[in-house]
Structure formats: structure tokens, C-alpha cells
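Colleague:
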Amino acid sequence: MSDQVAINKPTSEEDLCPICYAHPISAIFRPCSHKSCKACINQHLMNNKDCFFCKATITAVDDYTKPSSSS
272 MSDQVAINKP TSEEDLCPIC YAHPISAIFR PCSHKSCKAC INQHLMNNKD
322 CFFCKATITA VDDYTKPSSS S
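Numbering (our numbering), first residue to last: 272 to 342.
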């Protein structure tokens, strides 16, 4: 089985967006470092600049890639 196949697929519930549970986590908010999928944060930022979770003002959204679990 190739590791390449699983890169974009969530491997557990922890890898899914905590807002929609439909897409893998792909965005990280600054400065608070909470995460969601890009679709959810892009939709949210149209109307609101506060983090879903802690209400901190989101100043940037960076791409998020899950750290590799193998060494």
C-alpha cells in the first residue's frame, strides 16, 4: 500500500474539519492556531473575522498540512 494515496484523505475523525466534518483540515488561523477546512473558514470570513472557537480576531489564514507521523 502506498503512503502517497492517503496524503489528502483524512485518516481519523481528528483530521476532519471540526465545523463541517466533511473535508480534511486544510487551514490554520493566526494568531490562535485553530484549524478548519478552507471552505468553512472562507465562508466564515465573508461575514465575521473572529475565530469559531476562541473568538480571537483572525489576522491571517495559512495552509495547513498534517505533520507526518513517521520519522
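Cβ atoms here follow ideal geometry from the backbone N, Cα and C, with glycine treated the same way. None of these values were measured; they are calculated from a predicted model.
Per DSSP, P295 forms a beta bridge with which residues?
Modeller: Bridge partners of P295: L287.
Colleague: Who does A331 pair with in a DSSP beta bridge?
Modeller: Answer is R301, bridged to A331.
Colleague: In the DSSP assignment, what residue or residues form a beta bridge with K306?
Modeller: The partner list for K306 (beta bridge, DSSP) reads I299.
Colleague: Please go through the same chain and pick out, in chain order, the residues whose beta-carbon is closer than 6 Å to the beta-carbon of K309, but skip the five residues on each side of it.
Modeller: These residues qualify, in order along the chain: S297 and A298.
Colleague: Can you give the Cα-Cα distance for T328 and E285, rounded to whole angstroms?
Modeller: Approximately 24 Å between the Cα atoms of the pair.
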